[in-house]
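Down below is the structure, laid out as C-alpha cells.
Protein chains in written order, with our numbering: chain A, 177 to 447; chain B, -17 to 464.
Laid out in C-alpha cells, this is it:
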C-alpha cells in the first residue's frame, strides 16, 4: 500500500513537471491556430481639412518621420514664353503678403525688390515641386511646395536666389537673396552709419516680422541670416533641400498641359 | 508514507507549479505585448499611408477624369512609400489588380472604408497583413472614381522566434529548477523531520518499557520552537507515565506484601488453635491442661477476631465517608483519657494532657479510637513508669493533636512504612504484645477521613511524637454545637 502511495506521488510530481514544462507549447499550438487567418476589421473615415495649413502644421509635417514626400515636378526652365511667364506669376503671387509682412524693414524690402527684379531678368530657373503628405490630428494633409532657384552670373560674380512657397497659401517658407552687389542702396548707406548694430537691429526686426508672418512663436527654431549683402530666412533650421526628401530615390515626374489635357511625362532626364 | 516525503512531494509540486506558471505568464505577457505593438504599428502605418494617399489624390483633383494620372500618382506614391518604410512592404492596387499577398483571405470580404488585419503563416514565416479599402476619386467636375486597397505587410517571424526561444530557455530553467528543488527539498524535508524521527524513536523505546528515556529539548539539538515544545511536553508526559507506573508497581508490591502479611498473621494463631485443638482431641489431658489448651485456643481466637475486625474497619474506612460533627476538644481528650486508664494501669504508664479549648469538626468515636490506638502504641513503646503526653493546640487555623512518648522510638528508615498494614518495626515484640501491625494503618485512615495524615516524628531510643490535625469549627458552627 505504501509503495503504491509513493508510486502515485512520483507519478503526480512527474506529470505536473511535464505539464508545466510543455505548457507553453501546448498553449501556443492552439492559440497560434486560432490567431492565424482570424482577421479583425474596423471602419474608418477621413475628416478632410478644409482650412489652409498653418505654419506650425507645416513644421510638424516636415519634421515627421512618417510624412510621405512626393516630388511631382522638377525641371530646369529656360525662357519659353507663356510657361515662363506663368512661373513668374506664380512666384510673384507671394510678393504682396511678403512685402506687407516686412512693412517697415528697409533691408527686407530692398532684398525682396532685388529678388523680383533679378527674377524678371533671368532666363533660366531650376524649379522643384514637391508634395508633403501625411496626417495632422487624424486629418489627411497634402501640401504642395514650390522651390525656385536661379543664379545671376556675370563677369563680376554670381548672385544666388531661392524661394520656397506654399502654392496654395502663397506663404514663403524659405527665401534667399544674395546678389552680386550689396542689397542696400547708396542712399541707405548715406543715411545710416553702417555697422553691426544696424545689421543686428535689422535682423531682429526681420525675426519679429517673420514670426507674425508665419504665425509662430518667437522661440521656434527658424533660421534667419541678414546682412547688407545677403538676406536669408527659413522656417526650418535646415535648408529645404537638406531634408529627408533628398534621400529618396524618387521618380521625378510631371505633367505637360496640352491642347487635349494633361499628359504624364517622365522628367528624370528633363534637365 | 513518511512525513518527510509528504513535505517533499507537496513542496515540489507547489514550487514547480508556481515557477512554471509564473514563467509562462511572463513569456506570454512579453510575447502578447510585442505582437500587439507590432500589429498596432502596422495598422497605424497603414492608416497613415491611406490617409496620405487620400490627401495626395485630393490635392490633385483638379485634373478631371484622368484615370491614367490617378494610377500614375498612386504608383509613384506606392514606390515612394516603400522607400520610406524599411520593414513593411506596402502594396497599393485597385480591386481588380489582384496584386496582394493573400487575396483569398479577408480582403475579398472587406467593406469600403474598412480596415482589417490578419496574421498569415506561410509555413516558414509569419506576417501581419493590414489592409484598408478606399475609394479614390480624381477631378472636380468629371470625377473618376476607383476602389483601391492599401496593403501593409510586415514580417513578424522574429517575434514568434523570440517567443520560441524564450520557451526553450524556460524549459531548460524549469528542468534545472526541478532537479535543484528536488535535491534541496530532500535535504530540507529530512532536516525538518529529523527531530520528529528522534522523538518517534524515543517514544518507541518508552513503549518498549524504557520509561527513563527522554527526548532532547536543549537548545542546539532542536531549533524549531514547536518541536522543542512538543519534546518538552512529551518528556512531561513520559515523566508522568513513569511516575504512574512506579506508583502502580508500588501498589502491586504493597498488595502482595499485604496478602503475605495477612496470610502470615492468619496462619500464626490458626497454627496454635489447630495444635491445641489436636492436642485436646488426641490426648487424655487433665483438667488443668485442658483449661490451658482451651485458654490458648480462646486467646488466639480472640486475636483472630481482633484481626478480622481491624481488617474490616480498615476496609470500611477506606471505602466509606464519615459524617463529621462539631465537638469540643476537651470532651474528646477527657473521654479518651478515661478509656485508656486500663491501658495505663496495664503498662504502668502515666498520661498527662495539655490542650487548648476549641470546637473541632470530627467523628467523635473514630477520633477517640485514633487517640486510643496512638496512646496504646505509645504505651507499648514506653518503659514502665514513663509518661505519655496528649496535647491539643490550635495551629495555622487547625487543631493539632499530638501523642508524645519517650519510648524506644522508630528508626528513620522505618518511618515511611510504619503506616502500612501489617508492618511492624519489631515483629516479635509487637506480636508478644498482641499486635498485628494494623493499628497505625487504621489510625492513618482515620486521620485521612479527617482531612489529615499521621505525622510521625521519632528519634530512635529517644521517643516518638505522632500528630495529626482536624478542622476547627467556625464561630457560627460553635453555636450550633452548643
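Every residue gets a Cβ at the ideal spot worked out from N, C-alpha and C, and that includes glycine.
Since this is a predicted model, take the numbers as computed values, not measurements.
Following the DSSP letters along the chain, one finds residue 399 (chain B) in no beta strand (DSSP E), marked with neither H nor E.
Taking C-beta atoms as the reference points, residue 100 (chain B) and residue 213 (chain A) count as a pair closer than 9 Å. For residue 212 (chain A), the chain B residues whose C-beta falls within less than 9 Å of its own C-beta are 100, 101, 102, 103, 108, listed in chain order. Any Cβ of chain A closer than 9 Å to the Cβ of residue -6 (chain B) would place that residue at the interface, and such an atom is present.
The beta carbon of residue 126 (chain B) sits no closer than 9 Å to any beta carbon of chain A.
Taking C-beta atoms as the reference points, residue 346 (chain B) and residue 322 (chain B) fail to come closer than 9 Å. The continuous stretches of beta strand (DSSP E) do not include residue 313 (chain B), which lies in the alpha helix (DSSP H) extending over residues 311 to 321.
Contact between residue 315 (chain B) and residue 370 (chain B) is absent: CB atoms are separated by about 13 Å, not below the 8 Å threshold. Residues of the stretch 305 to 328 of chain A with a C-beta atom less than 7 Å from some C-beta of chain B are 307, 309, 310, 311, 316, 317, 318, 320, listed in chain order.
Excluding its 5 nearest sequence neighbours in each direction, residue 308 (chain A) has C-beta neighbours in its own chain below 7 Å: 237, 238, 243, 245, 319, 321, listed in chain order. Residue contact with chain B for residue 185 (chain A): present (Cβ-Cβ distance below 9 Å to some residue of chain B). Rounded to the nearest angstrom, the gap between the Cα atoms of residue 108 (chain B) and residue 139 (chain B) is 5 Å. When rounded, the separation of the alpha-carbon atoms in residue 360 (chain B) and residue 446 (chain B) is 8 Å.
Residue nearest to residue 439 (chain B) within the set B:431, B:149, B:402, B:387 is B:387 (criterion: CA-CA distance).
Comparing C-alpha distances from residue 333 (chain A) to each of A:363, A:292, A:354 shows the shortest one belongs to A:354.
Taken through DSSP and simplified to helix, strand or coil, residue 368 (chain B) comes out as coil.
With fewer than 16 other CB atoms across the displayed protein chains lying within 10 angstroms of its CB, residue 384 (chain A) is exposed. Residue 97 (chain B) is bridged by DSSP to A:218, B:114.
Separation of the CB atoms of residue 120 (chain B) and residue 41 (chain B) is rounded to 10 Å, and the pair is thereby denied contact status at 8 Å. Ranked by how close their Cα comes to the Cα of residue 294 (chain B), the residues B:405, B:252, B:424 have B:424 in first place. For residue -2 (chain B), the CB contacts under 8 Å within the same chain, skipping 5 residues up- and downstream, are 156, 159, 160, 163 in chain order.
Counting only the Cα atoms, residue 404 (chain B) lies some 25 Å from residue 277 (chain B).
Put simply, the stretch 204 to 220 of chain B touches the stretch 173 to 188 of chain B. At least three CB pairs are less than 8 Å apart. When C-beta distances to chain B are compared with 8 Å, the residues of the stretch 199 to 210 of chain A below that value are 199, 200, 201, 203, 204, 208, in chain order. Under DSSP, the beta-bridge partners assigned to residue 108 (chain B) are B:103. Ranking B:444, B:178, B:191 by CA distance to the CA of residue 197 (chain B) puts B:178 first. At a C-beta separation below 8 Å, residue 218 (chain A) has these neighbours in chain B: 96, 97, 98. Residue-level contact by beta carbon fails for residue 345 (chain A) and chain B, as no gap is shorter than 9 Å.
The stretch 272 to 279 of chain A makes no contact with the stretch 214 to 221 of chain A, as fewer than three CB pairs between them are under 8 Å. Note that the stretch 138 to 152 of chain B touches the stretch 197 to 212 of chain A; at least 3 beta-carbon pairs, one per stretch, sit closer than 8 Å.
Considering only beta carbons, no part of the stretch 403 to 414 of chain A lies closer than 9 Å to chain B.
For residue 334 (chain A), the closest Cβ of chain B is not nearer than 9 Å. For the pair residue 89 (chain B) and residue 15 (chain B), the Cα-to-Cα distance works out to about 26 Å. With a beta-carbon spacing of about 6 Å, residue 380 (chain B) and residue 454 (chain B) fall inside the 8 Å limit used to define contacts.
For residue 254 (chain A), the beta-bridge partners assigned by DSSP are A:300. One alpha carbon belongs to residue 376 (chain B), the other to residue 402 (chain B), and they sit about 28 Å apart.
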